[in-house]
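Here's the structure, in structure tokens; my notes come after.
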Amino acid sequence: MANREYLFYYAAIALACFALWRSVQGQFASPDSEPIFVAASEAESIQYQKLIADYGRFTSPKVPASSPLANANLSGGRQVYAVNCLHCHGSSGRANTPTAALLKPPPKDLFAGTVRDVETVLRHGIPSTSMSSFAGLSDEDFADVRDYALYITERGAAWAKLTEGNE
Numbered sequence: 002m003a004n005r006e007y008l009f010y011y012a013a014i015a016l017a018c019f020a021l022w023r024s025v026q027g028q029f030a031s032p033d034s035e036p037i038f039v040a041a042s043e044a045e046s047i048q049y050q051k052l053i054a055d056y057g058r059f060t061s062p063k064v065p066a067s068s069p070l071a072n073a074n075l076s077g078g079r080q081v082y083a084v085n086c087l088h089c090h091g092s093s094g095r096a097n098t099p100t101a102a103l104l105k106p107p108p109k110d111l112f113a114g115t116v117r118d119v120e121t122v123l124r125h126g127i128p129s130t131s132m133s134s135f136a137g138l139s140d141e142d143f144a145d146v147r148d149y150a151l152y153i154t155e156r157g158a159a160w161a162k163l164t165e166g167n168e
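Position 77 (the sequence shown) corresponds to 78 in our numbering; numbering is contiguous.
Okay, here's the thing in structure tokens:
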């Protein structure tokens with residue numbers, strides 16, 4: 002009979018766990034989802050299509066042959082990024098996630114091309130912030146996620162150049 006008395010509590014705990022799991026599913030369940038882009042004008046739509054032609058989507062990244070990242074394992078980097086970086090920096094690198102909103106100082110917006118030394122930051126983290134070190138990654142995973150972060154930065158710089166003068 003004693004077990005029946007606790008059945009309510011077990012059910013309440015299970016329901017709370019399920020509710021918590023469902024609350025984070027929308028943000029983190031599908032790291033392969035492409036951020037929604039809404040063009041403000043026909044010109045911006047054309048510019049976005051040019052960006053996609055050159056750099057692919059975040060879910061299927063590619064770079065122009067002239068890029069220093071032309072031989073990088075961007076798919077592998079995207080996988081490591083999804084596990085280690087997505088929750089703060091988001092799928093586009095813009096750091097507009099619920100987790101990022103809680104952090105002081107907020108994470109860098111990788112898409113804006115503001116990261117100066119990605120490798121050093123990944124290897125050592127940033128003291129007095131929530132940006133931890135990822136030195137524990139294997140050399141291959143480290144190189145892949147570094148290249149993917151640089152891809153996001155390069156893609157952001159390309160977008161800024163394409164939309165230069167749009168106001």
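Glycine residues also receive a C-beta, built at the ideal position from the N, C-alpha and C atoms.
Alpha carbon of residue i to alpha carbon of residue j, nearest angstrom
i: residue 44; j: residue 164; result: 9 Å
i: residue 90; j: residue 81; result: 13 Å
i: residue 158; j: residue 66; result: 16 Å
i: residue 52; j: residue 15; result: 45 Å
i: residue 72; j: residue 64; result: 9 Å
i: residue 141; j: residue 9; result: 48 Å
i: residue 162; j: residue 143; result: 29 Å
i: residue 5; j: residue 12; result: 11 Å
i: residue 105; j: residue 129; result: 10 Å
i: residue 107; j: residue 7; result: 43 Å
i: residue 70; j: residue 103; result: 32 Å
i: residue 122; j: residue 42; result: 37 Å
i: residue 55; j: residue 101; result: 29 Å
i: residue 151; j: residue 35; result: 18 Å
i: residue 77; j: residue 60; result: 11 Å
i: residue 68; j: residue 127; result: 28 Å
Cut-off 7 Å between Cβ atoms - residues of its own chain near residue i, not counting five sequence neighbours on either side
i: residue 79; result: 62 and 149
i: residue 32; result: Because the pLDDT of residue 32 is 48, which lies under 50, any placement of that residue in the model is unreliable, and the number read from its coordinates should be weighed accordingly. Result list for residue 32: 83, 87 and 92, in chain order.
i: residue 153; result: 94, 111 and 112
i: residue 40; result: 46 and 49
i: residue 160; result: 52
i: residue 38; result: 49
The alpha helix (DSSP H) enclosing residue i, as first and last residue numbers
i: residue 1; result: Nothing about residue 1 can be reported from this structure: the residues present for the chain run from 2 to 168 only.
i: residue 47; result: 43-56
i: residue 121; result: 119-125
i: residue 81; result: 75-85
i: residue 99; result: 99-103
Under 7 Å between C-beta atoms of residue i and residue j
i: residue 131; j: residue 112; result: no
i: residue 147; j: residue 119; result: yes
i: residue 134; j: residue 125; result: yes
i: residue 145; j: residue 85; result: no
Beta-carbon proximity list for residue i, same chain, < 6 Å, skipping 5 on both sides
i: residue 136; result: 124
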